[in-house]
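Encoded structure:
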């Protein structure tokens, strides 16, 4: 019995990143609200491709239509959702992901943070705070594990074209071991193939579907299935082309996520995030998780410099508004006047010049 008490139930998270050539809408990768042209990524690999927010601030505002319809209460709901995220990263108990201990700080066992307002449920009202929280978690880089734990990565047919084989990858990761796992918030999942192929008549040929997906399912009855906050946006199908047998989210009319509903024993705003969500964000934003990120020049990146009213012949001698002399970086007074170009045959020296065995050029 003592050994049983030491066992840890696996939790997991899914990371989002740019869709690869084989991660298409036909395999239900980029279909739906939460996906938005992103696909589940692997932790392993020599070049990780998952996304995370790369600047320390996030600015939001309200347009007139939102304010006129939802009023002050609607704006406060958005503020509360953003407050959950802010409270998660910085609070009076820890600062940053290096200090976060999922067990010590109330996320262990926090498998479900939802509750149902029956009045709102009967009136078919959606909780704005929860909806915005789901959006924020997705934008920070977490995908829906209840939808993308099992992902199709390839398919093939036999010689006669009468059977199809699908290669499936498990892209759901434990936040402690970083190993693939089929458990999410303490609930074990499996998968089944769903597709849009026409029914096969007796003796008829097998037709290849144009849209397929590995749908996650579970027989768990604890009430903690589909509970991740990162799954919220998939609650209402969005523009998906396949209808799931089981909706991959616990969010619905009248359902709301709140720290006061937490199961982990602590009830701060940040505890509206489940163990799965907290573990994924801890992995993504850990200072030890160093990811190379490049600038996509093809996306329209442009360097904007302040205007310089000086004549070109004067620019190499007078600093511009940015404090730099010359119209081009990195060198002034080089090459043609005003161009900033490096002169040809630039002399190069070295403290090793002249020593036996060294020829630095």
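Numbering (my numbering), first residue to last: 935 to 1295.
Cβ coordinates follow ideal geometry from the N, Cα and C atoms, glycine included.
Rounded to a whole number of angstroms, what is the C-alpha to C-alpha distance between residue i and residue j?
i, j, result
"residue 1038", "residue 1210", "15 Å"
"residue 1107", "residue 1121", "14 Å"
"residue 1034", "residue 1023", "9 Å"
"residue 1261", "residue 985", "Residue confidence is low: residue 1261 scores 46 on pLDDT, short of 50, so the model does not pin down where it sits. No coordinate-derived value is stated."
"residue 1273", "residue 990", "Unreliable positioning characterises residue 1273 in this predicted model, as indicated by a pLDDT of 49, which lies under 50. The coordinate reading is nonetheless provided below. Approximately 36 Å between the Cα atoms of the pair."
"residue 1169", "residue 1185", "6 Å"
"residue 1052", "residue 1016", "25 Å"
"residue 1157", "residue 1123", "14 Å"
"residue 1001", "residue 1066", "15 Å"
"residue 1103", "residue 1118", "16 Å"
"residue 948", "residue 996", "30 Å"
"residue 1160", "residue 1094", "40 Å"
"residue 1208", "residue 1243", "56 Å"
"residue 1030", "residue 1220", "8 Å"
"residue 1313", "residue 1125", "Because residue 1313 is not part of the residues shown, which for the chain are 935 to 1295, the question remains open."
"residue 1026", "residue 1198", "18 Å"
"residue 1155", "residue 1223", "36 Å"
"residue 950", "residue 1072", "8 Å"
"residue 1028", "residue 1218", "17 Å"
"residue 1097", "residue 1132", "15 Å"
"residue 998", "residue 1012", "15 Å"
"residue 1007", "residue 1153", "38 Å"
"residue 1100", "residue 1144", "14 Å"
"residue 1058", "residue 1050", "12 Å"
"residue 1130", "residue 1176", "8 Å"
"residue 1109", "residue 1201", "21 Å"
Measuring CA to CA, which of the options is closest to residue i?
i, options, result
"residue 1146", "989, 1106 and 1084", "1084"
"residue 1077", "1164, 1045, 1109 and 1021", "1164"
"residue 1183", "1059, 1003, 1081 and 977", "1081"
"residue 1189", "1048, 1098, 1113 and 1144", "1048"
"residue 1079", "1133, 1151 and 1205", "1151"
"residue 1075", "1054, 1063, 1055 and 1216", "1216"
"residue 1204", "1070, 998, 1003 and 983", "1070"
"residue 1020", "1096, 993 and 1042", "993"
"residue 1179", "1194, 1149 and 1005", "1149"
"residue 1061", "1009, 1036 and 1044", "1009"
"residue 1193", "1055, 1004, 1064 and 1112", "1064"
"residue 1045", "1191, 1111, 1128 and 1129", "1191"
"residue 1213", "1032, 1128, 1004 and 1187", "1032"
"residue 1091", "1068, 1141, 1130 and 1127", "1141"
"residue 1043", "1196, 1127 and 1246", "1196"
Helix, strand or coil for residue i per DSSP?
i, result
"residue 1218", "helix"
"residue 1124", "strand"
"residue 1195", "helix"
"residue 1107", "strand"
"residue 1167", "helix"
"residue 1114", "strand"
"residue 1140", "coil"
"residue 1001", "helix"
Output the boundary residues of the alpha helix (DSSP H) element that contains residue i.
i, result
"residue 1080", "1079-1082"
Quick check on the DSSP output: the beta strand (DSSP E) that includes residue i runs from which residue to which?
i, result
"residue 1098", "1098-1104"
"residue 1189", "1189-1191"
"residue 993", "Note, residue 993: premise wrong, no beta strand (DSSP E); not H, not E."
"residue 1150", "1146-1151"
TODO: Let me know the beta strand (DSSP E) ranges lying completely inside the region 1003-1077, each 3 residues or longer, listed in chain order.
DONE: 1048-1050
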